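Chains as they are written, first to last, in our numbering: chain A, 1 to 109; chain B, 110 to 218.
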């Protein structure tokens with residue numbers, strides 16, 4: 001088995017959205033776990049203020065990760081967060097969070 | 110068992126040091142694996158240019174991580190890298206890499 005592939009979503013969250021944000025992850029849909037090639041994930045909360053949360057997911061391959069981002073499971077897993085983003089936009093508010101995916105190969109363990 | 114604690118070393122590497130840097134990790138001393146409370150680690154190589162390498166280590170607790178940073182195993186595991194840093198400094202060169210630890214609690218998996 002290959003060492004695998006890692007995607008990290010760097011998420012910055014508005015202060016007034018933190019408790020909702022953490023609740024969404026604590027009660028997450030786990031739809032991602034039905035994807036072929038998914039290995040594991042972890043949601044990391046920074047100890048230092050001003051740092052983003054990291055959502056780290058391990059995959060068999062980059063292709064498996066890319067397939068997830070185009071899947072119904074991706075939409076299912078992000079449904080409540082996407083709803084919150086849409087509602088903020090519709091009411092003229094700033095987005096409650098911003099996120100950016102960065103991707104990695106596993107050099108060694 | 111608690112969800113645990115994660116430390117990530119964000120390492121930026123000079124272009125002319127990349128091959129040496131990767132070789133050091135591929136042949137790493139594995140001294141860290143003798144530490145109480147150590148769970149696992151992964152060295153992540155960014156797919157996007159300009160991004161840092163991430164050295165991710167999982168621990169039972171923040172205390173276990175902190176104990177490692179003060180241990181003989183920490184010096185043993187970093188000996189060749191620290192030697193390279195010292196030689197660069199002695200010859201008036203820029204450091205071949207810069208690094209910064211950030212720490213996290215595991216909100217959920």
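For glycine and all other residues, C-beta sits at the position ideal for the given N, C-alpha and C.
A quick note: this is a predicted structure, and the numbers were derived from the prediction, not measured.
query: Could you check how far apart the C-beta atoms of residue 165 of chain B and residue 117 of chain B are, in whole angstroms? I think they sit under 8 Å.; result: 5 Å
query: Just list the residues that DSSP pairs residue 174 of chain B with in beta bridges.; result: None; residue 174 of chain B has no bridge partner.
query: Select from A/30, A/99, A/109 the residue whose C-alpha is nearest the C-alpha of residue 52 of chain A.; result: A/99
query: Step through the CB atoms of chain A and report whether any lies within less than 8 Å of the CB of residue 213 of chain B.; result: yes
query: Beta-carbon within less than 8 Å of residue 218 of chain B's beta-carbon, same chain only, minus the 5 sequence neighbours each way: which residues are those?; result: 112
query: To which residues does DSSP link residue 102 of chain A through a beta bridge?; result: A/8
query: Quick one, which residues of the stretch 132-164 of chain B are near chain C if we go by CB-CB under 8 Å, in chain order?; result: The chain inventory of the structure shown lacks chain C, comprising the protein chains A and B.
query: Need the endpoints of the alpha helix (DSSP H) that residue 194 of chain B sits in, please.; result: 188-199
query: Under 7 Å between beta-carbons, which chain A residues line up against residue 127 of chain B? List them in chain order, please.; result: Here the premise fails: no neighbours, minimum Cβ distance about 11 Å.
query: Which one of A/13, A/21, A/41, A/37 has the shortest CA to CA distance from residue 30 of chain A?; result: A/41
query: Between residue 165 of chain A and residue 174 of chain B, what straight-line distance do the alpha-carbon atoms span, to the nearest angstrom?; result: Residue 165 of chain A falls outside the range modelled here, since chain A spans only 1 to 109, and no answer is possible.
query: What span of residues does the alpha helix (DSSP H) with residue 135 of chain B cover, start to end?; result: 127-135
query: Please report how far the alpha carbon of residue 181 of chain B lies from the alpha carbon of residue 129 of chain B, in whole angstroms.; result: 23 Å
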